[in-house]
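Those sequence lines, one after another, are chains L and S.
First residue of the first sequence? That's -8 in the numbering used here, and the numbers climb one at a time after it.
First residue of the second sequence? That's 1271 in the numbering used here, and the numbers climb one at a time after it.
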Amino acid sequence: DTGVSQNPRHKITKRGQNVTFRCDPISEHNRLYWYRQTLGQGPEFLTYFQNEAQLEKSRLLSDRFSAERPKGSFSTLEIQRTEQGDSAMYLCASSYTGGAYGYTFGSGTRLTVV
Amino acid sequence: QKEVEQNSGPLSVPEGAIASLNCTYSDRGSQSFFWYRQYSGKSPELIMFIYSNGDKEDGRFTAQLNKASQYVSLLIRDSQPSDSATYLCAATSGTYKYIFGTGTRLKVLA
């Protein structure tokens, strides 16, 4: 088990393009989370999956954002029609329990929209 | 709005000293509290969690929780230059979501 894996590590895209990020959680973890972190801020919650069910989606996630976790394994986060304000580090985390004992974060995907 | 507040720093301490990092939270319903360390350009790494009032020690790190005062702290003993990083405090909001503070930047001076 190599921890939570995120791809790509970095993504530079032009405004208006669509991007998709992938997260592979720790294999025995059934809970998966996406957070977004901008410079000088703490991570902000975006969405949560328990197995394949998306149980909560933050108001931060506009209609341009969609996340999936088919078959309760890896997850993807897609951003359509990217805007400069979407530039951030997108962090995926997983846990076995509901988060009472801490998440394990992946290395993140840094998105730059130009 | 549920918040976690931290002094952004930087907090500078000499090598070998004790670094004291503090955090307050607004949601009295928060059950668990976490300290994450984040090096520049890297993702957060869990150092400790605490959910009972009092102290919890792990090696050079001690977390302290006072629910009456809604206050969490992290002490780092024998600080090393490699401890220089941003330390994020987080509190649970509900059963699975975390609210993070903006982090305190720690500099350990050799």
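Where is the CB? At the ideal position from N, CA and C, for every residue including glycine.
Taking the alpha-carbon of residue i as reference, which of the options has the nearest alpha-carbon?
i, options, result
"valine 1378 of chain S", "S:Leu1291, S:Glu1275, S:Gln1271", "S:Leu1291"
"arginine 27 of chain L", "S:Pro1314, S:Thr1365, S:Phe1319, S:Val1283", "S:Pro1314"
"leucine 1281 of chain S", "S:Phe1370, S:Tyr1368, S:Lys1272, S:Ser1349", "S:Ser1349"
"lysine 62 of chain L", "L:Arg55, L:Ser(-4), L:Glu47, L:Gln41", "L:Gln41"
"phenylalanine 65 of chain L", "L:Asp15, L:Thr38, L:Phe96", "L:Asp15"
"histidine 1 of chain L", "L:Glu43, L:Ser49, L:Leu82", "L:Leu82"
"serine 25 of chain L", "L:Gly31, L:Tyr39, L:Arg13, L:Glu19", "One point to set straight first is that residue 25 of chain L is tryptophan, not serine, in the sequence displayed. Considering only alpha carbons, the answer is L:Tyr39."
"phenylalanine 96 of chain L", "L:Arg6, L:Phe36, L:Phe56, L:Asp54", "L:Phe36"
"glutamine 1276 of chain S", "L:Thr11, L:Gln32, L:Pro(-1), L:Ile70", "L:Gln32"
"glycine 93 of chain L", "S:Trp1305, S:Asn1323, S:Asn1336", "S:Trp1305"
"glutamine 1334 of chain S", "S:Ala1361, S:Gln1340, S:Leu1344", "S:Leu1344"
"threonine 1362 of chain S", "L:Gln(-3), L:Ala91, L:His20, L:Glu47", "L:Ala91"
"glutamine 45 of chain L", "L:Ser(-4), L:Leu51, L:Arg55, L:Glu59", "L:Glu59"
By the three-class DSSP mapping on this structure, what secondary structure does residue i have?
i, result
"glycine 1324 of chain S", "strand"
"proline 61 of chain L", "helix"
"aspartate 54 of chain L", "coil"
"aspartate 15 of chain L", "strand"
"glutamate 75 of chain L", "Note that residue 75 of chain L corresponds to glutamine in the displayed sequence, not to glutamate. Glutamine 75 of chain L: helix per DSSP, three-state reduction."
"serine 1363 of chain S", "strand"
"serine 85 of chain L", "strand"
"serine 66 of chain L", "strand"
"serine 1278 of chain S", "coil"
"serine 1313 of chain S", "coil"
"serine 1352 of chain S", "helix"
"lysine 48 of chain L", "strand"
"threonine 1372 of chain S", "coil"
"glutamate 43 of chain L", "coil"
"asparagine 1336 of chain S", "strand"
Against residue i, what residues of chain S qualify as contacts under a CB-to-CB distance less than 8 Å, listed in chain order?
i, result
"arginine 22 of chain L", "Tyr1366"
"phenylalanine 12 of chain L", "Simply none; closest approach about 13 Å."
"phenylalanine 65 of chain L", "Under the 8 Å cutoff, chain S gives no residues; its nearest Cβ is about 17 Å from phenylalanine 65 of chain L."
"tyrosine 87 of chain L", "Near tyrosine 87 of chain L there are no residues of chain S at all, since even the closest Cβ is about 12 Å away, more than 8 Å."
What does residue i reach in chain L if we use C-beta pairs closer than 8 Å?
i, result
"glycine 1371 of chain S", "Gly33"
"leucine 1376 of chain S", "Going along chain L, no residue has its Cβ under 8 Å from leucine 1376 of chain S, so there is no contact; the nearest lies around 15 Å."
"threonine 1362 of chain S", "Gly90, Ala91"
"leucine 1264 of chain S", "Here chain S covers residues 1271 to 1380 and nothing more, so residue 1264 of chain S does not appear."
Quick one: which chain L residues come within Cβ less than 7 Å of residue i?
i, result
"proline 1280 of chain S", "Ordered by position in chain L, no residue passes the 7 Å Cβ test against proline 1280 of chain S, which lies about 13 Å from the chain."
"phenylalanine 1303 of chain S", "Neighbours of phenylalanine 1303 of chain S on chain L: none; closest Cβ ~10 Å, over 7 Å."
"serine 1313 of chain S", "Leu82, Phe96, Gly97, Ser98, Gly99"
"phenylalanine 1213 of chain S", "With chain S represented from 1271 up to 1380, any question about residue 1213 of chain S goes unanswered, as that position is not in the structure."
Would you call residue i buried or exposed, if buried means 16 or more other Cβ atoms sit within 10 Å of its Cβ?
i, result
"glutamine 8 of chain L", "exposed"
"tyrosine 1366 of chain S", "buried"
"isoleucine 1369 of chain S", "buried"
"isoleucine 1288 of chain S", "exposed"
"arginine 77 of chain L", "Note on identity: in this sequence residue 77 of chain L is aspartate, with arginine being the wrong assignment. Buried, since its Cβ has 16 or more Cβ neighbours within 10 Å."
"valine 1274 of chain S", "buried"
"serine 1354 of chain S", "buried"
"glycine 1373 of chain S", "buried"
Strictly by DSSP, which residues pair up with residue i?
i, result
"histidine 1 of chain L", "L:Arg101"
"arginine 1347 of chain S", "Its beta-bridge partners do not exist; DSSP assigns none."
"proline 1284 of chain S", "S:Leu1379"
So with CB distances below 9 Å, who are the chain L contacts of residue i?
i, result
"leucine 1291 of chain S", "By Cβ distance, chain L contributes nothing, its closest Cβ being about 14 Å from leucine 1291 of chain S, past 9 Å."
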